[in-house]
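Asks:
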Amino acid sequence: MDRYEIIKEKYKIVEDRVRNAEARRADGGKTRILLATKTVPADEILYAASLMEDALIGENKVSELTEKYDAVKDAAEIHLIGHLQTNKVRKTVGRASLIESVDSFRLAKEIDRVSAETGIVSDILAEINIGCEPAKGGIMPEDTDRFFEEIKDLKNIRVCGLMTMAPKCEKKDDYRRYFNKTYRIFLDICEKYIYNIIEPVLSMGMSDSYEEAVLEGATEVRVGSAVFGNRIYK
Ligand SMILES: *Cc1c(COP(=O)(O)O)cnc(C)c1O
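Residue 337 is where the sequence shown starts when you use our numbering, and the numbers rise one by one after that.
What follows is the structure, given as structure tokens:
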């Protein structure tokens, strides 16, 4: 099998599993698949995008976002999902249609400033460190309200929801409590701060946990290695 066929088979498996989990969701909500394309060459991204009804990809690094941007921008919507340094905001604003990894007031303020200069409003997600892991980025759950209060007056950003990276779990089922905890914060945020957003985004779940995330209310799952990885035989 060539690379494209492998990608196609794996994507179909992910898509099937997402649709099956969606059907079992208590709230009847929908989940969009984002393909995490770090290290994936543009030709494979274009092929994968051609398989998707509503193609969506996520880059981790600003350098990869800028390198592949021209090649993929007409084929897929592009989000930034990795850590963003303030000195790279200028390269990101206007390229990523959603910056999912905003985890400080300082970063939000810089995105707001650059967006104002560019004359646009940038959509962002607040990244929550749901496992309260000190080594990881993300707003601590107990600081979520403070973050939303702090950014209230920034006119050139629009917060559309939450993103989280759950701690690595041994058993798939163990992911569910982290995702459920994030979902509950999401509901609270939706009610208090982002009631004007028509389709709020809850981005959670990766290759090892996307079905659990769907079951717990994810509106978006970010899947990389399950589609592009080298592990062909399970
Ligand atoms: C790489 C990455 C993913 C996808 O991870 P896989 O385990 O390869 O599915 C999701 N989210 C972020 C932020 C990532 O960096």
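Where a beta carbon is used, it is the ideal one built from N, C-alpha and C, also for glycine. It should be emphasised that the depicted structure is a prediction, and the values quoted were computed from it without experimental measurement.
Compute the beta-carbon to beta-carbon distance between E380 and F515, rounded to the nearest angstrom, for a pair I have assumed lies under 8 Å.
Replies: Wrong, their Cβ atoms sit about 29 Å apart, outside the cutoff.
Asks: Does DSSP put K570 in a helix, in a strand, or in coil?
Replies: Low per-residue confidence applies at K570: pLDDT is 33, beneath 50, and the placement is therefore not dependable enough to give any value.
Asks: Can you list, in chain order, the residues of its chain with a C-beta nearer than 6 Å to that of N492? Leave out the 5 residues immediately preceding and following it.
Replies: Around N492: D448, S451, A452 and V457.
Asks: Would you call the CB atoms of K499 and V537 closer than 9 Å?
Replies: It is worth fixing the name first, because residue 499 is Met in this sequence and not Lys. Cβ distance < 9 Å, so M499 and V537 count as in contact.
Asks: Verify the contact flag: I417, CB atom, against every heavy atom of ligand 1, threshold strictly below 8 Å.
Replies: Indeed, a heavy atom of ligand 1 lies less than 8 Å from the Cβ.
Asks: What is the DSSP secondary structure of S433, reduced to helix, strand or coil?
Replies: S433 falls in the coil class under three-state DSSP.
Asks: Would you tell me roughly how many angstroms separate the C-alpha atoms of E535 and P477, rounded to the nearest one?
Replies: The straight-line gap from Cα to Cα measures roughly 22 Å.
Asks: Quick check: S539 and G497, are their CB atoms within less than 9 Å of each other?
Replies: In this structure, G497 lies closer than 9 Å to S539 by Cβ.
Asks: To test your reading of the DSSP string, which unbroken beta strand (DSSP E) runs of 3 or more residues are found completely within the region 396–432?
Replies: DSSP runs (the beta strand (DSSP E)) wholly in the region 396–432: 413–416.
Asks: Please state whether the Cβ-Cβ distance between E413 and A391 is less than 9 Å.
Replies: In this structure, A391 lies closer than 9 Å to E413 by Cβ.
Asks: Name, in chain order, the residues that DSSP records as bridge partners for V537.
Replies: DSSP lists G497 as partners of V537.
Asks: Assuming D459 contacts S437 (C-beta within less than 8 Å), just tell me the rounded distance between them.
Replies: No, D459 and S437 are not in contact; Cβ-Cβ is about 13 Å, not under 8 Å.
Asks: So, with DSSP's three-state summary, where would you put R360?
Replies: Residue state, collapsed to three classes: coil.
Asks: Can you give the beta carbon distance from I343 to A385, rounded, assuming they're within the 8 Å contact cut?
Replies: I343 to A385, Cβ: 11 Å. No contact.
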